[in-house]
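Residue numbers (this note's numbering): 595 to 763.
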Amino acid sequence: MIEVKIVGVRIEMPSNQPLVLLRELLGERHIPIWIGAAEATAIALAEQGVVPPRPLTHDLLCGVVQALGHSIVRVNLTKVEDAVFYAELVFDNGTSIGSRASDAIAIAQRAQCPIWATEELVEEAGVVIGDHGDGHEHTAGVPDDEAKEREVRQFREFLNDVEPEDFEK
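What follows is the structure, encoded as structure tokens:
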């Protein structure tokens with residue numbers, strides 16, 4: 595399993611299709627996942643630290659799990675088939691339950707738990723963004739905000755030439 599982190603959410607134009615970009619923690623590959631509008635909103639709100647006046651569905655689920663005396667300890671992105679990503683939520687007692695990847699990512703943010711992906715999924719869906727020959731893509735010694743902004747800028751450039759169909763086998 596490979597730990598990944600959320601880079602950000604973006605609405606891809608002209609298709610107006612939201613997607614979330616993940617990046618392997620100890621590597622260069624990124625995983626773009628096209629998601630629904632509701633999940634994109636939920637992920638973006640959590641990324642920005644916005645707390646809605648009433649709980650969203652993902653907040654509600656995390657609250658129910660906590661009220662029952664349990665916690666979600668990790669999210670696993672398990673496979674991708676026909677451009678559809680699958681995931682599972684793993685609870686503190688070892689129980690796991692299947693989930694859409696977008697919901698699992700939104701829940702991981704709220705549960706503040708790590709997101710892991712199978713090596714097969716990262717191998718199949720992972721892409722390297724940017725030309726690493728110019729020295730600008732490496733972020734060692736660069737402040738987190740600047741590194742994240744550079745990564746988002748590279749992601750936007752990458753998206754200019756990609757379509758959802760490019761990730762179908």
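Cβ coordinates follow ideal geometry from the N, Cα and C atoms, glycine included.
query                                                                                                : result
Residue span of the beta strand (DSSP E) that contains residue 672, given as start and end           : 666-675
For residue 611: DSSP bridge partner residues                                                        : 606
N- and C-terminal bounds of the beta strand (DSSP E) containing residue 694                          : 690-694
Inter-stretch contact at 8 Å, needing at least 3 Cβ pairs: the stretch 604-618 / the stretch 626-633 : yes
Exposure of residue 697, with buried meaning 16 or more beta-carbon neighbours within 10 Å           : buried
Buried versus exposed, by CB contacts within 10 Å (16 or more), residue 626                          : buried
CB of residue 669 within 8 Å of CB of residue 702, strictly                                          : yes
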